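Numbering (our numbering), first residue to last: 40 to 552.
Quick reminder that beta carbons are idealized off the backbone N, C-alpha and C, glycines included.
Fair warning: this is a prediction, and the values are worked out from it, not measured in the lab.
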RNA sequence: GGUCCGUUCGUCUAGGGGUUAGGACGUAUCCCUUUCACGGAUAAAACACGGGUUCGAUUCCCGUACGGACUACCA
C-alpha cells in the first residue's frame, strides 16, 4: 500500500502554459518533494490537430524558470520512457481491447453526422441529458447493436471506428478527493466516452489512466475541470483491474479572472494589463505575442511564492516562503476549496519583497542592463550606491532606470507643476548662493552638502524646507525622489553645480508667494 | 437544461457551536521624512439568504440564490 510517491504534471502542448497550469505543476512538485517522491513531466499530445510547435519547450522552460526540477520527463528520460503520449501510441490499444474483450467497451461506427442527428433528436424530444449512453447506444451503430459478422466485416474492411466505454446503467460511482472529500455520481449521468479515436490515438481518459498506472503515479493533482470526469477514470481503474493501484485524487480550485467571473484563460493575458503566462510566448502561426511574468520583471522566487498562495496557505501568518520552505510547509489539507481570483497588486507586492531581498550586487546587474541598453557606463562602486539608494522604491528591475534616470543624464525638462508652485524668487536666491558655496566644498559629501544648504538658507533668512523642493527640481527636474543630498553626492560636485546654474538660467519665476 | 463543485472584508485567506471573527494586499488618515517612496500607527471593510438541530449557530443539516466547472473522436 505504501508505494513510493510519484506525481505527474501532464499538460497538453497546445500553446503556452498559463499561470494556472504552472500552479498545478507547482503543487505537484511541492507534494512530491514534501513526501520525498518524484515528479514526472508527461506530454499529453494525443490530439494531433491541436499540437503547437514549441509548446513543449515552453512548458519545460517555464517549469525550470520557477525552480521546478523534474525527475523524469521527455528531456530527462527515466524508467517509464517515452514520456510523450504520441510516442506511446502502441501501448494503449491493448488496454482498450482488454476492455472490449471483457465486455466493458465496444466498437462504435457512427459518423459525426449520425452523432449530431442523435443529439438533435434527443434535444427535440426534451431529453434531460442528450448523450451516447446506456439507452441511446441501443439505437446507434455499434458492436452491441450490429450483428457480429457485420462488426467483423466493418473492422476487417478498415472502416473507421472508435472504442467506447460501456458505462453501466445503474451504479453509484464514488471517489475520494483529497480536497473535496467523497464525491458521488450516478452512472446514468455518465456517457459512453470514447476511449480510442478513429485515428488510432487514445483519448485523454484512456491514455491518462493507462499512463498513470504504468508510471505508478500515486497522487493525481489537477485542475477542478477534471472533477466531472474523475468518476469515469475510477470506472476505468476498476474495469482494468487496477483498483488497488488507483492514485489518490486532488482537484484544485480554479484560478478566476480578477474582474467579474469565469476561469482565467489564455485570452485574458494582455487585455487585463498583466501577464497570465510565465514567460513570453510568440504564437508560431499568427506571430502574436503573449507576455510573461519573467519579461515583465518578475523574479521567479516571487512568482513561486504568490502562486503557492493562490489557493493554499500555511495556516500561519508567514507569507514569504522560499521553495524549500514551501516544500516543508505544504500539505494538501490546506488547499482551499473555492475558486481564486487572480490579484495582480498582490503579485507586485510579492515581487517588491523579493527585490528587497536581493543583494546590491544583483540589483546592480539589473540597473546595469538598462544602462547598457542606453549606452551609459557607470562604475560598479557607484552603481552599488545608487541601487542602495533606490531599492526601496522599485517593484521591478526596470524601475531602477525609470526612478533614477536623472542620475545619468541632465534633466531635459522641469516638472512644470512643481516649477510654478516652488520656483520662487526666494528659491532662486538661495540656490544661487548655495551653488557658490558648493564650489568651496571639499569633500563633496551628503552630510556636508546638507550642512552647507542649511547654512546658506539660514544666512538668507529662509527656512530650508521652503526652497528644498525647488532645489530638487533644479537638480533632478522632478518633484520627488530619494534623499536629495545623497543624490547630489552621487552626481558629484561639478555636475551638481552645473545643473544648479543651468536651472537658474532656464527656469522663470512664475510662482507668487 | 442536466451532472458535479463551491460561497468569511473589494481581493487572498485564518478560524470554528459561545471570539471584540484574526492576518495580508489594496484603500484612507496620521506619524516619520523639510518631497515621494520605505517604515510605523490607525481606520473603514466580511461570515449570501431562508429554514431547521441546539441553551446558543458564521461554524452542523436541508433548501434557495448566486458563482464556477463539465456536458466533443479537446485536453
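Distance between residue j and residue i (C-alpha atoms, nearest Å)
i: residue 85; j: residue 243; result: 7 Å
i: residue 276; j: residue 291; result: 21 Å
i: residue 278; j: residue 362; result: 40 Å
i: residue 248; j: residue 371; result: 22 Å
i: residue 386; j: residue 412; result: 27 Å
i: residue 323; j: residue 450; result: 43 Å
i: residue 465; j: residue 422; result: 35 Å
i: residue 81; j: residue 99; result: 11 Å
i: residue 143; j: residue 204; result: 6 Å
i: residue 83; j: residue 519; result: 53 Å
i: residue 453; j: residue 517; result: 6 Å
i: residue 288; j: residue 236; result: 26 Å
i: residue 424; j: residue 406; result: 12 Å
i: residue 446; j: residue 458; result: 20 Å
i: residue 415; j: residue 437; result: 15 Å
i: residue 77; j: residue 222; result: 27 Å
i: residue 341; j: residue 359; result: 9 Å
i: residue 283; j: residue 214; result: 13 Å
i: residue 304; j: residue 296; result: 8 Å
i: residue 75; j: residue 254; result: 17 Å
Residue interval of the alpha helix (DSSP H) (run including residue i)
i: residue 492; result: 485-498
i: residue 419; result: 419-429
i: residue 345; result: 339-347
i: residue 48; result: No alpha helix (DSSP H) contains residue 48, which is instead part of the beta strand (DSSP E) from 45-48.
i: residue 362; result: 362-368
i: residue 165; result: Neither: residue 165 is in no alpha helix (DSSP H) and is coded neither H nor E.
i: residue 537; result: 532-545
i: residue 475; result: 464-478
i: residue 404; result: 399-412
i: residue 383; result: 383-396
i: residue 66; result: 58-73
i: residue 101; result: 94-104
i: residue 188; result: 187-195
i: residue 461; result: 455-461
Paired residues, beta bridge with residue i - DSSP
i: residue 235; result: 202, 241
i: residue 290; result: 261
i: residue 225; result: 211
i: residue 328; result: 321
i: residue 374; result: 351
i: residue 379; result: 294
Per-residue DSSP class, three states only, for residue i
i: residue 509; result: helix
i: residue 143; result: coil
i: residue 216; result: strand
i: residue 295; result: strand
i: residue 281; result: coil
i: residue 124; result: helix
i: residue 79; result: strand
i: residue 247; result: helix
i: residue 443; result: helix
i: residue 320; result: strand
i: residue 51; result: coil
i: residue 181; result: strand
i: residue 87; result: helix
i: residue 150; result: coil
i: residue 524; result: helix
i: residue 111; result: strand
i: residue 302; result: strand
Near the ligand SAH: residue i beta-carbon under 8 Å from a heavy atom
i: residue 375; result: What this structure holds is no ligand at all, so the ligand SAH is not there to describe.
Check whether the region 40-55 touches the region 255-273, counting contact only when three or more Cβ pairs, one atom from each stretch, lie closer than 8 Å. Taking a cut-off of 8 Å for Cβ pairs, the region 40-55 and the region 255-273 touch, as three or more such pairs fall below it.
Taking 8 Å as the cut-off, does the region 392-405 touch the region 413-432 (at least 3 CB pairs, one atom from each stretch)? The region 413-432 vs the region 392-405: in contact.
With a cut-off of 8 Å, do at least 3 Cβ pairs link the region 219-238 to the region 171-180? yes
The region 109-119 / the region 317-335 touching (three or more Cβ pairs under 8 Å): no
Below 8 Å, can you find three or more Cβ-Cβ pairs linking the region 55-75 to the region 298-318? yes
Take every Cβ of the region 502-510, pair it with every Cβ of the region 455-471, and state whether three or more of those distances are shorter than 8 Å. yes
Closer than 8 Å is the cut-off here; do at least three beta carbon pairs connect the region 265-274 with the region 61-80? no
Taking three-plus beta-carbon pairs below 8 Å as touching, is the region 154-171 in contact with the region 119-128? no
Below 8 Å, how does it come out for the region 475-489 and the region 521-531: are there three or more Cβ pairs, yes or no? yes
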